[in-house]
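Position one of the sequence shown corresponds to residue 1 (full-length UniProt numbering), numbered consecutively onward.
C-beta: ideal position from N, C-alpha, C; glycine also.
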Amino acid sequence: MTTPSTSTTVNPPIAAVSLKLPPFWPNDSLIWFMQVEAQFLTRGVTSEETRYAYVISSPQPSIAQEVRDILINPPSTQPFTVLKEELIKRTSESEKKRLQKLLTTEELGDRKPSQLLRRMQQLLGECKLETSIFKQLFLQRLPGNVQLVLASTADDVNIEQLAKLADKIVEVTPLPSHVATVTTGESSPSQATQFQQLAEQITLLQAQVSALSSQPQRRSRSQSRDRHRRTRSPSPDTLCWYHRKFGANAHKCTKPCSFTTPASSSSGNGPASN
1 MTTPSTSTTV
11 NPPIAAVSLK
21 LPPFWPNDSL
31 IWFMQVEAQF
41 LTRGVTSEET
51 RYAYVISSPQ
61 PSIAQEVRDI
71 LINPPSTQPF
81 TVLKEELIKR
91 TSESEKKRLQ
101 KLLTTEELGD
111 RKPSQLLRRM
121 QQLLGECKLE
131 TSIFKQLFLQ
141 RLPGNVQLVL
151 ASTADDVNIE
161 QLAKLADKIV
171 EVTPLPSHVA
181 TVTTGESSPS
191 QATQFQQLAE
201 QITLLQAQVS
211 ALSSQPQRRS
221 RSQSRDRHRR
231 TRSPSPDTLC
241 WYHRKFGANA
251 HKCTKPCSFT
261 TPASSSSGNG
271 PASN
């Protein structure tokens, strides 16, 4: 019985030489502890006190600050478990804050859609949300061109399949120009071309408007010449009733009347008489 006990006592110092804890992740302390416990398992470190000692000796000031009270007064039983639970609780975001990020601030950025989905699921945590609502929240974070492609299939597949389809679409389609503008703050070459074409179209329209504005004057001159070519008919106001009604066929005329018989027809009818 003594020999196994001696072996157990010797193993931790041997493990201590090769064991190096990963940098602490304040944004995901649960994952950090999972990595630490994996190293403890592979090195055979099972003692609560030894695990506790490894964690508090890690050169991470953020750990010490968050659990200062525990370091000053270590738990008498299960020190590592108590330290782990408190550190996770104190560094993890509250449910309210996670939901706020999920609903308002979490964006796609330079991640793949599937990466965004996993982050949104992490923020959701244990909260219950209807699948259709969560799917819509996810779709709203995607670029507009991706949303258009997925619109016809969004109701027929689960959200994981939807994220995979979105990954493929993003891979084969260029980044939308408005996304590129937000990311870089500069106009893309395609935008510059569009602006140039728009400027040319505006210039052309201005020229057309200028040309149209000068047409009424020319048209009025043309109409004046046409009237001059036509028979110089007197104004209706200066004609008598007979010539206003019957024109050249009138057989009577009352003065004053300025009607004159056309030369071509003067030989046949002659001037009208009273």
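Using the Cβ count rule (16 or more neighbours within 10 Å means buried), how would you classify residue i?
i	result
Cys-127	exposed
Glu-66	buried
Pro-74	exposed
Gly-185	At Gly-185, the pLDDT of 44 sits below 50, so the modelled position is not reliable; the number obtained from the coordinates is stated separately. By the neighbour-count rule (16 or more Cβ atoms within 10 Å), Gly-185 is not buried but exposed.
Ala-151	exposed
Lys-20	exposed
Ile-63	buried
Ser-29	buried
Thr-50	buried
Val-36	buried
Lys-256	Note that residue 256 is Pro in the sequence shown, not Lys. Label assigned to Pro-256: exposed.
Phe-246	exposed
What do you reckon, are the CB atoms on residue i and residue j nearer than 7 angstroms?
i	j	result
Thr-81	Pro-26	no
Tyr-242	Ala-248	no
Leu-116	Leu-124	no
Phe-33	Lys-89	no
Ala-166	Val-146	yes
Lys-135	Ile-159	yes
Gln-78	Phe-24	no
Ile-56	Leu-41	no
residue 278	Leu-142	With the chain covering only 1 through 274, there is no way to say anything about residue 278.
What are the boundary residues of the alpha helix (DSSP H) that residue i is part of?
i	result
Asn-145	144-150
Gln-78	Neither: Gln-78 is in no alpha helix (DSSP H) and is coded neither H nor E.
Glu-48	48-56
Pro-113	113-124
Gln-140	131-140
Asp-69	68-72
Thr-42	29-43
Ala-154	That residue, Ala-154, is in no alpha helix (DSSP H); it is neither H nor E in DSSP.
Phe-246	241-246
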